[in-house]
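Asks: Before we start, here is the structure in question, set down as structure tokens.
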Amino acid sequence: MRYNMYDWAKDLFPICRSITGQGVRDTLKYIKTLLPDLEIKSIESGTKCFDWVIPQEWSIKNAYLENEFGERIIDFKDSNLHVVGYSEPVDEWFSFEEIQNFIYSLEDQPKAIPYVTSYYSKNFGFCMSHEKRKKLKNCKYHAFIDSEKKNGVLNYGELLIKGKKEKEILLSTYICHPSLANDNLSGIVVTSALAMWIKSLKQTEYSFRIIFIPETIGSIAYISQNLEELKNKIHAGFNVTCVGDDKNYSFLPSRNGNTIADKAGMHILNHAVKNYTQYSWLDRGSDERQFCSPGVDLPVVSIMRSKYGEFPEYHTSRDNLEFISQKGLQGAFSVIKETISAIDKDFFPKLTLLCEPKMSERGLYPKINSKDNHSYIEAKTIMNLISYCDGRLSLIEIGNLINQPFNKLIAIAEKSYIN
């Protein structure tokens, strides 16, 4: 199943997103064209959410940096990364030495524009390539940022898809980053595609809760308003981020490290891809920090391509549409889809007979018993599965124990002597 995820990313790339404001609303409106049942919700500025408070809305119309000769050095219209996120308005002249305090660049990536924010303190600033910064003339500079902060709302999107069970599988992705493709336009479009696929299914065992939220403040706010329901209903969860490039896969576990999401995620990666990088909870950095925090304790993991913070393009203008691809997006979609499918189909098999069933009567044991006989190898897999079918281990857990893929085992488990 293929969706035009890369085309969606191209449409969304120019939008100036932040943790609040019109860019978030425009993004959610676009997602709603893909998922008409998506509910766009809001939380008012000033609302207390645990230790945090919903900030004011931030909007920006224009920004530039010009020298005294009228040469425009930086123009927000060229890239929304040129302005520090949540910058205060400014219309002032600065000396060459003074303006250096408000310019951000990367010496080790001289051609890249860095992504910089200042959400919770009053600052302003400009971002530019270090290559261009070194060419600045020793003269006066006019800094202009036409921005505004005012009381408003924090917006997020929520989609609930009912299954046979009240228990839910959670998919969460963040919608606050501006023109950054892998982090996290990829998460937005892959999550949208997964939601479309789930809705296309006739019936699922589990219900699905799919949320599009600003990172950190969004997950904290969402948890604060839905804590008991989340704790009662979430069976497994996935923070979908950095899923668009063609490089290696990555896995970041839950704080618990032994939830069904952990077991299923590693199981599918072990069998679906040649290799992947396994990180620890100490490498966390996205919304799993909130979902898995003490007292919340949700079973949330991340299956990624190149993990946030681990690729040089991260939080720079190099994380552009050339860094991701339809192939990369499709690969991540398929792996997460298989993981979700395994969890949805998983059960605790129990052998209905005492001792081993007589395999030959069921046409499952070879007439010739030889260790290099393919039928014998298949029969051994069946017998290994059966040996663990005591009703205490799930099929995913058994698959991990005997190193066999879930799809193969569930076909075997459907035989009449296992229920």
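Going by the numbering used here, the letters in the sequence shown line up with residues 105 to 523, in that order. Even for Gly, the Cβ is constructed at its ideal location relative to N, Cα and C. Computed from a predicted structure; not experimentally measured.
Between the beta-carbon of Asn379 and the beta-carbon of Asn343, is there less than 8 angstroms?
Replies: Cβ atoms of Asn379 and Asn343: not closer than 8 angstroms.
Asks: Taking only three categories from DSSP, how would you classify Ala340?
Replies: In the structure shown, Ala340 sits in a strand (DSSP, three-state: E or B).
Asks: Confirm, please, whether the CB-CB distance from Ala376 to Val294 is below 8 angstroms.
Replies: no
Asks: Suppose you measure from the CA of Arg237 to the CA of Arg121; what does that come to, to the nearest Å?
Replies: 25 angstroms
Asks: Does Cys459 pass the burial test, meaning 16 or more other C-beta atoms within 10 Å, or should it be called exposed?
Replies: exposed
Asks: Would you call the segment 312-322 in contact with the segment 260-274, where contact means no fewer than 3 C-beta pairs closer than 8 angstroms?
Replies: yes
Asks: Here's the rule: buried if 16 or more other CB atoms are within 10 angstroms of the residue's CB, otherwise exposed. What is Gly150?
Replies: Under this definition Gly150 is an exposed residue.
Asks: At what residues does the alpha helix (DSSP H) containing Asp111 begin and finish?
Replies: Met109 to Leu116
Asks: What did DSSP end up calling Asn286 once you bin it into helix, strand or coil?
Replies: helix
Asks: Which residue spans inside the segment 307-369 form an unbroken beta strand (DSSP E) run of at least 3?
Replies: 311-317, 338-343 and 353-356
Asks: Report yes if the C-beta of Ser199 is less than 7 angstroms from at least one heavy atom of the ligand NAP; otherwise report no.
Replies: In the structure on display, the ligand NAP does not appear, and there are no ligands present to speak of.
Asks: Terminal residues of the continuous alpha helix (DSSP H) containing Ala216?
Replies: First-last for Ala216: undefined, no H or E at that position.
Asks: With the cut-off set at 8 angstroms, would you say Glu192 and Lys226 are in Cβ contact?
Replies: yes
Asks: Would a C-beta distance cut-off of 8 angstroms place Asp206 and Gly229 closer than the cut-off?
Replies: Note that residue 206 is Phe in the sequence shown here, rather than Asp. Yes. Within cutoff.
Asks: Residues in its own chain within less than 7 angstroms of Ser328 by CB, not counting five upstream and five downstream?
Replies: Cys153 and Phe154
Asks: How many angstroms separate the CA atom of Phe451 from the CA atom of Leu132?
Replies: 36 angstroms
Asks: CA-CA distance, Lys516 and Thr308?
Replies: Rather than Lys, the amino acid found at residue 516 in this sequence is Ile. Spanning the two alpha carbons is a distance of roughly 21 angstroms.
Asks: Would you be able to state if there are at least three C-beta pairs under 8 angstroms between the segment 106-124 and the segment 264-277?
Replies: Segments in contact, no.
Asks: Between Ile522 and Asp494, what straight-line distance do the alpha-carbon atoms span, to the nearest angstrom?
Replies: 10 angstroms
Asks: Where are the beta strand (DSSP E) runs, 3 residues long or more, that stay fully inside the segment 188-244, in chain order?
Replies: 194-198
Asks: In the DSSP assignment, find the beta strand (DSSP E) that holds Glu170 and state where it starts and stops.
Replies: Glu161 to Asn171
Asks: Measure the CB-CB distance between Ser209 and His234 and report whether it falls below 8 angstroms.
Replies: Closer than 8 angstroms, so yes.
Asks: Apart from the five residues just before and just after Ser421, which ones in its own chain have a Cβ nearer than 6 angstroms to its Cβ?
Replies: Contacts found: Leu185, Ala216 and Ile217.
Asks: Among the residues of its own chain, which have a CB less than 6 angstroms from the CB of Lys266, if the five just before and after it don't count?
Replies: Excluding residues within five positions, the ones whose Cβ falls inside 6 angstroms are Ser311.
Asks: What number of angstroms, rounded off, separates the C-alpha of Ile249 from the C-alpha of Val347?
Replies: 33 angstroms
Asks: Between the segment 416-435 and the segment 356-366, do three or more beta carbon pairs fall short of 8 angstroms?
Replies: no
Asks: Report the three-state DSSP secondary structure of His371 (helix, strand or coil).
Replies: helix
Asks: Excluding five sequence neighbours on each side, which residues of the same chain lie with their C-beta closer than 6 angstroms to the C-beta of Asp94?
Replies: Outside the modelled stretch of the chain, which goes from 105 to 523, sits residue 94, for which no answer is possible.
Asks: What does the Cβ neighbour count give for Arg176, buried or exposed, with the cut at 16 atoms within 10 Å?
Replies: exposed
Asks: Here's a check: name, in chain order, each residue in its chain whose Cβ is nearer than 6 angstroms to the Cβ of Ser251, leaving out the five neighbours to either side.
Replies: Ile164, Ser191 and Pro193
Asks: Of all the alpha helix (DSSP H) runs that stay within the bounds of the segment 417-463, which reach a length of 4 or more residues?
Replies: 430-449
Asks: When the Cα atoms are used, what is the spatial distance from Gln430 to Lys114?
Replies: 11 angstroms
Asks: What does the alpha-carbon distance come out to for the pair Trp385 and Ala368?
Replies: 17 angstroms
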